[in-house]
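Residue numbers (the working numbering), protein chains in the order written: chain A, 884 to 1337; chain B, 884 to 1337; chain C, 253 to 772; chain D, 253 to 772.
From the three backbone atoms N, C-alpha and C, an ideal C-beta is built for every residue, glycine too.
Notes for the one structure printed next.
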Amino acid sequence: MTAPFVPHTDAEVAAMLGDLGLESLDELFATIPAALRLAGGLDLPPQQSEADVVDRLVDLGEHNRPAGRCAGGLVCFAGAGAYDHEVPAAVRSLASRSEFVTAYTPYQAEVAQGVLQALFEYQTMIARLAGLEIANGSLYDGAASLVEGVNLAVAATGDRRVLCSAGVNPRWRAVLATFSKGSGHDVVTLPLRDGVTDWSAAVARPASAGAVVVGFPNYLGCIEDLAAARDLADRTGARLVVCADPIASGLLRTPGSLGADVVVGEGQPLGIALGYGGPYLGLFACRAADVRRLPGRLVGETVDADGKLAYVTTLRAREQDIRREKASSNVCTNQTLMAVTAAIQLGWLGTSGLREIALRSARAARYAHDSLAAIDGVEPLSPHPYLREFALRLPVDAEVAIERLVDEGYLAGVAVRDGFAGTDAEGCLLVAATERRTRGEIDGFAASLEKAIR
Amino acid sequence: MTAPFVPHTDAEVAAMLGDLGLESLDELFATIPAALRLAGGLDLPPQQSEADVVDRLVDLGEHNRPAGRCAGGLVCFAGAGAYDHEVPAAVRSLASRSEFVTAYTPYQAEVAQGVLQALFEYQTMIARLAGLEIANGSLYDGAASLVEGVNLAVAATGDRRVLCSAGVNPRWRAVLATFSKGSGHDVVTLPLRDGVTDWSAAVARPASAGAVVVGFPNYLGCIEDLAAARDLADRTGARLVVCADPIASGLLRTPGSLGADVVVGEGQPLGIALGYGGPYLGLFACRAADVRRLPGRLVGETVDADGKLAYVTTLRAREQDIRREKASSNVCTNQTLMAVTAAIQLGWLGTSGLREIALRSARAARYAHDSLAAIDGVEPLSPHPYLREFALRLPVDAEVAIERLVDEGYLAGVAVRDGFAGTDAEGCLLVAATERRTRGEIDGFAASLEKAIR
Amino acid sequence: MSSQTDPASNGQPGPRPISAVAGGRASSAPVVGRDTEPTLFELSVPGRHAASFRTTQIPEWAAEELVPAQYLAETPVDLPDVSERDLVAHFTRLTHRQYSVDLGAYPLGSCTMKYNPKVCDEAASAAAFANVHPAAPPACTQGWLEVLVELEESLCAITGMSAATLQPAAGAAGELTGLLLMRAYHESRGEDRTRVIIPDSAHGTNPASVTLGGYEVTTVGTNDRGGVDLDSLRAALGPDVAGIMLTNPNTLGLFEEDIVEIATAVHEVGALLYYDGANLNAILGVVRPGDMGFDIVHLNLHKTFATPHGGGGPGAGPVAVSARLADFLPGPRPARLDDGRFAWAQPAASIGRIHGWHGNALVLLRAWTYIRLHGAEGLRGVAETAVLNANWLKEKLRGTFDLPYDRPVMHECVVSAESLDKATGLRALDVAKRLLELGFHSPTVYFPLIVHEALMIEPTETESPQTLAALADALLLVAREATEEGAAGEARQAPRTTPVRRVDEARAARRLVATYDQRS
Amino acid sequence: MSSQTDPASNGQPGPRPISAVAGGRASSAPVVGRDTEPTLFELSVPGRHAASFRTTQIPEWAAEELVPAQYLAETPVDLPDVSERDLVAHFTRLTHRQYSVDLGAYPLGSCTMKYNPKVCDEAASAAAFANVHPAAPPACTQGWLEVLVELEESLCAITGMSAATLQPAAGAAGELTGLLLMRAYHESRGEDRTRVIIPDSAHGTNPASVTLGGYEVTTVGTNDRGGVDLDSLRAALGPDVAGIMLTNPNTLGLFEEDIVEIATAVHEVGALLYYDGANLNAILGVVRPGDMGFDIVHLNLHKTFATPHGGGGPGAGPVAVSARLADFLPGPRPARLDDGRFAWAQPAASIGRIHGWHGNALVLLRAWTYIRLHGAEGLRGVAETAVLNANWLKEKLRGTFDLPYDRPVMHECVVSAESLDKATGLRALDVAKRLLELGFHSPTVYFPLIVHEALMIEPTETESPQTLAALADALLLVAREATEEGAAGEARQAPRTTPVRRVDEARAARRLVATYDQRS
Ligand SMILES: Cc1ncc(COP(=O)(O)O)c(C=O)c1O
Ligand SMILES: Cc1ncc(COP(=O)(O)O)c(C=O)c1O
C-alpha cells in the first residue's frame, strides 16, 4: 500500500526503470540539485486505510452540529448568504454522476457536450433570473462575483470610484476591499438608515463613479429601492451592480428589469449544500454589450463538421490562457459542477417551484418575524419590507442568544458584527427562514428564545 | 400533485382523451363491470411530499439500531448468514450507477452489454470460488439457492430423498421444508454431534438418496468434513450439495475441489448491505454436465453481426418463459443488481483481498472466541475448527445476554433456537467476527458480557 | 477505435521495448467508439489490488494457527487483481454500454418499466435502515417493523385482501407461495386436489410455479375478445381443481370482462382464484382483486410500485390473501401490538418460511416510500394515466400494425407485425432491433404466445405524450421503411449504432462459454 | 437515430391527430445513436413540474400580503417545466455525451487528471460535514476546524512553509492572494515595487493575476535547456521588482535546475519568490518549495490532491508562506488552542478576506482525506510513479514526435508535432482530435506557447503501464497514418465517433448564442 491508488506492481516499476536505463526511482530525480532533496520523509500523519480514515471522519463529524434532522442536528435559522433550502434526491443523484464530477474543463468540446450543454442551460436560466442577456459559466462565489462585477464596471467606465452600499454582504465587501488593494479601486461605502441604503448623501454630492453596488435584498434582509440606485448610477455615469439573491426572482421583479447593468450573486440557494461555506457558486450576468468584458467561461452554440448543433466555450480571447496579462479576469478553474447542480435544481423547481420556494420562504420569515418580535424586549431593526431574512435587536448580545439556543437544538441566526461596527445594526441577530421551516419549529424557536433572553 | 411522477398536464390529458373520443378518465375503465369498481378511494395514508416522507423515514429510522458507527449504532457480532464486512465507497458508487439500477433483464442484448458482461464476470468469479465450472446469474438468496440445488439434485438423480445435515442454516432448512410440500421431496435431517454432522448413522444405513446437503462452514461456524459428505453421496448415489460461505474460499479449499457437485450459498458477504435481510444474493454453481438443469439466468459469450465479441443470456430453453411447466425452475426476476455488486466487490478485493478478509475475520473470531471463552461460566459449544463464527453456552439464555448487551452498544450475536430444539446447541449464543472488528471492540464486548451474565 | 486497429491489444512496438506491460490490458475509454471492453480478468495484473482494511490491533496469527492445514487451500482462488482506478473505469464503461429507464423510454410489455423516484434510492441507502442486521432483536428494529406492518396494511388496502406476507423475493416466488397456500387450504379441509387452471395467455412463471407447487397444469383457451373462454373453463373445472391463476388485466392488456362469472364458477367447485399481480398498475384505486373474487394475490413491487428492476432484480413479490387463508401465511410476520410496539408473530397454521430472512427488505422500503408519495389519489392517477397512454399509443398504431383483439386496452397493448411480415418480411424481432437504434428500448416481442409476431407495448404513466408520439412515429417509420425497401432494408440490418450489433444467440447456446475460464 | 429522420421532432402524423403533444419534445435516449439532446427548454411543457415541499402548517399568506406590490413580478421568471422523469433522463443522457476520468485516461498536461478516490466523495457528502452552516459558532464546528487546521499543517509540511490560508477557491485565486501578500510585505517595509517577473513558459493565470495584483509583468525567456534564462533574469531584476512567479517543475515538465541561483538573485534585490504549485505532483516528498527558497506557494488541490475537477471546478488553491509573511495571511484562520479546542483567529496584519466564507470547504475535506490515505510514503510514491510514467511515455514517442527539450522530464512531457506538420500537414490539433476517437482524452495542445505544435502530456501516476503503452501506440498510430495517407486522412476527419464531430469554434464567437433565448 505504498501509494494506494498507484496500479504499478514492483515488477512493472522495475521493468519500466529498465526501459529507461535507470536502476532506482531516486534516479528519476537526478536533475534536482542534491542539496535540495528531502533527506527524511514528509512530516505527516501516518498512512491509513480507507476504513480507518472513515472512522476518523466519523469521530470528527461528531464534533460538528449540522443543520437538519441528523445526529446532533440543529434547526437552522441562519442565513447571511447561505440558506437551508430543500435539495431533492434527484438533484443529488444527477449532480454526483461521475461524468460531471471527474471531467476537466470542456476544452475538447467533442467529448464534453454533456458539461457544455448543461452550462448553456445554466447560463440561460441565470440570465433569466437576472433579467439580463448574458450569464457566464460560474465564478467562485458571491464575493468573487462582486469583485468581478466591479472590475467589469470599472473597466467599462474607466472610473475606479466604487459607491458600495453598506447593505451589501459585509464579507463580500471585505473581499472587495482586499482585492481593491491590487486593482486600486476606490471604494466608498454608502451608509444605511433603518436597514436600507441611505442614497441621499451620495445623490446630494454626485461625483462620477465607475460602479454603484447594492444588495437585493440586502444583507439585513431588506428589499432595497433599485430605482434610487439606478438613479445614482445614471447621475454618476456608473454601471449599476446588483448583488441579488436568486431565490428573490421567484417573487420579485428581476434586477435587470429594475435597471441593473450587472447582476452578481451567491448561487448556493440553488441546490448546493451548506457545506461549511463552500464550494458555492458565483452568479454573474451582464448586458450583451458588455460580453467582451465578461470574466470567466462562456458557452456558446455552434455546429459540428456535419452541421449538427454543438456547444463550445466561446469568446475565449477574453480569457487568461489566451490574453494573459490583458485578460478580463484571471479566473481559470471555476465552479462548473455547482453550476451544473444549479441547472438541475432549477429544472427540478421549474417556473412554479421557484415561485413556491420564494413565497414559502417569505411566509416562514413573516411567521418567524411576527412570532419573535412578539417576545418582550425583542425589536425588529427595520420597518422595511423583507423577503426571507430580517434582523432583530435583542436584550442580549446576539452571540449569547445563539450560544444558548444551540443547547435547545436551534441555530438561531447570525450575529451582525463585522462590517457594521458603530451602526445600529451591530449586535443584532440576523434570522433567516426557508420553505423548510415548519410552524412547529418556529414556535419552538420562539419559546426557546424567550427563555434564553430572560 | 395528483400523481407526482406523471408528467401529463390537465390540458394534455384532455387532448388525449379527445383523441380517443372520450370525455373522462373514468371512461377508460368502461370495460370493468361497474359493480366491481371501487366507489370511494383506497384506504391509505395521505399523499406526502418527498420532504415529508423523508422526515417520516428519519423518525422511523430513529427506532432502529443499525450496525456501525452511526446514531444508535451497535458493534456487530451477529452473523448467522449475514455479516458486517467492509464495503468500500468505490463499490457503493459503482453499484448505484443508474444504468445498472434501472435496467430490465437483459433481453435485448445489443443495449444490455453492461449488465451482461458484469454477469459474465460474476459467473466466472463465483465458479472459481465454488471450484466448479458453471455459475448462474443469481437466485434470490442462500435459502432459494439451497432449494434450487436440491431440485437439481433430485431431478438429476430421480430420487426425492434428501439427506440434510442439521448444521445447515435452520432458516434455509425451513424454506426447503416449505417448498418440499410442493415438490414432494422427502427431507431427512442428519443430526450434529459436538457441532458437526454425525455422518455415522446415515453411513451405517445407506439407502439411495437424491441429495446430500451440508454446510461449509456450517451454521454453528464449524468446518465440516466434506470428505465424509462426499463419501455418503457416493454410497447413496446422491449429488453432494454444499452450502458454502463464499468468504471461506479465501482461506479454505473450495467445495468443488473437495467433491461438491452443487455449491449454493449466500452472497451477502460479497459487498451487500446487511439491509435487514435483503435484498441478498443466492449463489449457485454446478458442474458443466448439469448445465441444462441449471435454474435461472445464464450469460454466455457469442459474436454480433460484425463478428465482434458480445454477451447474451443463453440456454434459455431451460427457463420458464420458454419451457413453461417443464422449466428447470420458475425463477424469472432474480437478484442481478446484487450479482453485479458482488462482481465489483470481488474485483475490489482481488486475490489477496479475499484471502485477507478471510484471514482477518478468522483472526478476529479466534481473538473473540478466546476472550469470551475465558469468562467464567462461558463455554464453547464445539471443539472443532471454525472460521469466523462460533457458538457459546452462557449461564443465561442467549436472548437475555443479547438484550443486556444492546444497552452497552453491542449486538452480541444470534440466539441458537429455531431448528435446534432439543439439541445441545439450543439457547447458545452464536458469535461472528469479521475483519472490521477491532481488538478494542472485542475487549469491550467481553467486558460487557462478563458483567451481563453475572 | 475500430477493433481492427486496437492499439490496446496489438500495440505497435515503439522505439523502446514495452517490457513492462506484459500481462494486463489497457484501460481506457472508448465511450465514444464501439470498442469491446476487456473483461476484468484481462485487466488483471497479479500483485495489483484495490482493497484495504481497518486497523484492528488483533494478533496476526498465521492461517495455519487458525485452521488445520488439511482444510487450507494450497493456492488462493484467483480473482482479478486491479487497481481501484481500473475497477472504477471498467464498470463505469460498462454502464455506457447499457440502456436503462433513466436514459429513456422502456416500453417493455408486462414489465411496467416506469420511472423510479430517486428519493427511494436514498431511503434504501440510509444507514438507519440499510445497516440493520436481520437477526437484531425486535427492540432494535421497531422502525423496520413499523415500515413492514404499514406496507402490509397498504398492500391489503390496495388489493382488497385481509392479510399479507412480504417474504417472497419476486413474482415467481409469490406465485409458488400462493400455490402452497392453496395446497395448505385444501389439505386443511381434507381435500386432495391435483390440477390448477391457467389461460394460454399466461406468463411462463405461472405454469412453472404450478409444477413446483406439486400441481398439474390445465390450460384453457382465449376467446375472440381476448378473455378466458368461459366454456372451456367450465369444461375444465371439477372437484380435482385446486385453483385458477389469472392476471387481470391479462397479458393482452385486456380486462377480463367475465371475471365475476369466472370467480363464481371457480368457487362453485371449491377451487381458489389466484391473482397474478404483475399488471396491477392498470387498476390501482379503480378495482381491487379482492372485490373481483380473488383469494390470493401476488404483487410485483418492482413493477407497480416502482422499485427499480436492477438489470434483472432484485424485486419483491408479496402475497396477500383473503381472511380464510390468513392463518396459512408464511411466518414470522411483522405485527402491531396493542401497546403500539411491533413484534414478530407466527401465523397459526403457517406453511413455513419462504425466504431466508424477512424478504427483500430494502425493496419493501422503497415500495413503502412510493406508496407514501402517492396516497390513494396518486395511485389512482398512476392507473388512469397508464391506461390513457396505452390506449392513445394503440390508436396511433392503428392501420399500420394489426390489432389482434381490437378493444380498449388497459395499461398495455399487444399489436402484431403479422400482416407486415406477410407483406414485407418484416418480423417483430426486426422492429425491436430497429427501435433500439432509433433510441428506444423495444417492446416485449413474441409474447403472449397466442399472438403471432406480437409486440407487447407498455408505455407506463411516466412517459409524456411527447415521448409516446415519438415512439409511435418511430414504430410507424420502421413499418414505412419496410414497405418502401422491404425488410432487407433498415430493420434487418439493425441495430448498427448500439454497442454491439445483432447478437448470435444460437451460437452462444451451441458453443457454451459461460465463464472466462471456458474461453478457448 | 440520424438527425434527418428524427421522429421526435418531425413526427409523421399517425391515423389520429397528435393534438396532445403541442409543446415539449420527446424525451428518449439515443444513448446508442449520435442524436442531439434537446435542451431542457425544449422539453418543457408549462404546467409540468417535479418539485414538492415540506408541509409546514404556516399561514398561506398571499404574496401581496408579504411584499409591497411594486416589488412583485407581474409574470414569474420562465424556467423549464419538466417532470422528474424527464429531468433525470435529460441529465443522465448528457452524462453519456461526456468523457471523464472515470471513463478512461485523461493525459491533459498541466491538469493532473488523476483518479479521484471514491471515499473522498463519501466524505464530502456526509451530513456531519456537508450540512454545517458556515456561520455556525465554533462550538458547533469543532470537527470542521480540526480538519482545516490539520490540512493547513499537512500542506505546510508538504511545501516546507510556515503557515497557510485555505480560503482561495482555485489556483488563480491563490496566485492573486500571493501577489497581495507580496504587496503587503513590501508595503510593510515601506517599499513600493511595481514589477513581477514571469517566464515566457508560464501559465496564463500568472500574468493575469499579476495585473489584478496591481503589478506590471516582465517576461523572461527560456534557455535552451528549457529553464529560466539566468542572464535575462538577472537583467530584469532590480529594486522595483516585487517578485518572480515560477512553477517548478515548469510547464515544460522540466525541473528548474538553476533554482538556487534564481532564488539567490531574486532575494538579493529584495524580491520574493512565488511558487505556482500546479505541478507539485512531481515532487511530493522529494523536494519542497520552501527548501528551494520560495516565499509563497499556492497549491492546486484539484490537481495534486485528487479532488475531482467537476468539469471545470470547484477547486481549491490554498496559499502557504514562509514565517516572515505569516502575519499578512488572509483571515480569519482556523487555529488550534492550547486547551485542544479550535477557534478562528485573525492574523496580525492580514490582507483581509479573499473568500465569502472559509474557502471551498468540502474540497478541502477531500484533500484532507486524500492526504490521510497516503501519508508521507504514499505521497512520495505518487510523485515517483508520476515521473516514471511521464519519462517512459516520452521515450516511447521518441523518434516520431519532436522532443524540443530532450532531457529527463518530471511529471509531464511536452512533445511537438512540428516536424510531422512540416512533413505531412498533421497538426497538434489533428492529433488531439484523432486521439478522441481512439478512446483517449487528448493531451493539452498549443501550450506552453513557446513550443510550436505542442502536445503536453501528463499521464499521472494512476494510469497503468498498459494504459501508457496503449496511449503511446495510439499516438504513434496517428503519426503513422499521417505519414502514409497525409494529414487529409484519418486525423483531419477526426473525430467521427464522438457525440459531435469537430466543432466550429469560430462560428460560435462570430454568431454569439450563449443562451437559449438568443437562439434565432
Ligand atoms: C404477468 C407476469 N407474471 C409473473 C411475472 C413474474 O414475476 P417475477 O419476474 O418478479 O418473478 C411477470 C414478470 O416477469 C409477469 O409479467
Ligand atoms: C501551471 C498552472 N498554474 C496555474 C493554474 C491555475 O489554477 P486554477 O485553474 O485552479 O485557477 C493552472 C491550472 O489551470 C496551471 O496549470
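Option nearest residue i by Cα separation, candidates the options
| i | options | result |
| --- | --- | --- |
| residue 1261 of chain A | A:1271, A:1270, A:1275, A:1251 | A:1275 |
| residue 567 of chain D | D:485, D:525, D:617, D:341 | D:617 |
| residue 904 of chain A | D:647, D:689, D:704, D:738 | D:647 |
| residue 625 of chain C | B:938, B:906, B:923 | B:938 |
| residue 1272 of chain A | A:1078, A:1043, A:1028 | A:1078 |
| residue 916 of chain B | C:564, C:654, C:541 | C:541 |
| residue 914 of chain B | C:396, C:500, C:687 | C:500 |
| residue 1042 of chain A | A:1053, A:946, A:1068, A:1015 | A:1068 |
| residue 472 of chain D | D:466, D:370, D:495, D:718 | D:495 |
Chain C contact residues for residue i, given Cβ-Cβ distances below 8 Å
| i | result |
| --- | --- |
| residue 336 of chain D | 367, 369, 370 |
Where residue i meets chain C, residues with beta-carbon distance less than 9 Å
| i | result |
| --- | --- |
| residue 345 of chain D | 354, 355, 356 |
Per-residue contacts from residue i into chain C (C-beta, under 7 Å)
| i | result |
| --- | --- |
| residue 933 of chain A | 304 |
Residue i Cβ short of 6 Å to ligand 2 heavy atom set
| i | result |
| --- | --- |
| residue 423 of chain D | yes |
| residue 361 of chain D | no |
| residue 499 of chain D | yes |
| residue 530 of chain D | yes |
| residue 457 of chain D | yes |
Contact test: residue i Cβ vs ligand 1 heavy atom, cutoff 6 Å
| i | result |
| --- | --- |
| residue 552 of chain C | yes |
| residue 1215 of chain B | yes |
Proximal chain A residues relative to residue i, where beta-carbon distance stays under 8 Å
| i | result |
| --- | --- |
| residue 235 of chain C | Any answer about residue 235 of chain C is impossible in this case: the structure gives chain C only from 253 up to 772. |
| residue 1086 of chain B | Chain A residues near residue 1086 of chain B: none, gap ~46 Å exceeds 8 Å. |
Within chain D, the residues that residue i reaches when beta carbons sit closer than 8 Å
| i | result |
| --- | --- |
| residue 340 of chain C | 354, 367, 370 |
| residue 963 of chain B | Going along chain D, no residue has its Cβ under 8 Å from residue 963 of chain B, so there is no contact; the nearest lies around 28 Å. |
Under 7 Å from the C-beta of residue i: neighbouring residues of chain A
| i | result |
| --- | --- |
| residue 554 of chain D | 1216 |
| residue 486 of chain C | Residues of chain A passing the Cβ test: none, with the nearest at roughly 52 Å. |
Neighbouring residues, chain B, relative to residue i (Cβ below 7 Å)
| i | result |
| --- | --- |
| residue 969 of chain A | 934 |
**Unbroken stretches of the beta strand (DSSP E), 3 residues or longer, contained in the region 500-553 of chain C** = 524-529, 548-551
**Asked** Fully enclosed by the region 1155-1216 of chain A, which beta strand (DSSP E) runs are 3 residues long or longer?
**Response** 1165-1169, 1182-1186, 1192-1196
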